[in-house]
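Taking our numbering, the leading residue of the sequence shown gets 12, the next gets one more, and so forth.
Don't be surprised by glycine CBs; every beta carbon is placed ideally from N, CA and C.
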Amino acid sequence: MSEKAFECQMCGECCYGEGGIFLQEGEAERISHFLETDIKTFGEQYCEEKNGKVYLKTGADGYCIFYAKDKGCLIHPVKPKRCADWPFYRANMEDPDTWNLAKQACPGINPNCSFEEFVRQGKK
Ligand code: SF4
Ligand code: SF4
């Protein structure tokens, strides 16, 4: 059996940084439901709007508002698709150079796995 192309090491690196996580259709409802709050409160407390898109806020520590140092993602079961899809983004699957950059940023991407195998597993 081939090696796993990706296994999250929970380092939190991808949860750090200013607002890159936008919500897609239905995600605000799904996360609000998980948090047992209403969508208006969820929007006010955890989101901000930029250029017509809704993004998760960044906390004072520079991490996503839902990132907790010892626990990781506090909304893991319902996290946005943008987070759930990582690292199998189209750009990483189409361009080996982009995939190489992603490997430098994310210790969960297996450095011993070939690009072809990464793509194969990402398409599953
Ligand atoms: S950077 Fe990679 S290994 Fe670290 S938390 Fe994000 S997905 Fe997991
Ligand atoms: S929603 Fe979860 S996985 Fe996504 S950036 Fe925030 S803490 Fe990280």
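To the nearest angstrom, how far is it from the Cα of His87 to the Cα of Asn123? Along the sequence shown, one-based indexing puts residue 87 at 76. Along the sequence shown, one-based indexing puts residue 123 at 112. When only Cα atoms are considered, His87 and Asn123 end up about 27 angstroms apart.
Shorter than 8 angstroms from the beta carbon of Leu67 to some beta carbon of chain B? Looking at the structure shown, chain B is missing, and only one protein chain is on hand.
Out of Asp81, Cys26, Gly83, Arg101, which has the shortest C-alpha to C-alpha gap to Leu67? Taking the first residue of the sequence shown as position 1, residue 67 is located at position 56. The shortest C-alpha separation from Leu67 is found at Cys26.
Relative to ligand 1, is the shortest distance from any of its heavy atoms to the C-beta of Gly23 smaller than 7 angstroms? Residue 23 sits at position 12 when you count from the first residue of the sequence shown. Checking the Cβ of Gly23 against ligand 1 gives yes.
Let me confirm a value: Ile42 is counted as buried when at least 16 other C-beta atoms fall within 10 Å, else exposed. Which label applies? Here residue 42 corresponds to residue number 31 of the sequence shown, with the count starting at 1. The residue is buried, with at least 16 neighbouring Cβ atoms inside 10 Å.
Got a sec? Which residues, its chain only, sit under 7 angstroms from Pro107 by beta carbon, not counting five neighbours each side? Counting from 1 along the sequence shown, the entry for residue 107 is found at position 96. Excluding positions up to five away in sequence, the list reads Phe126.
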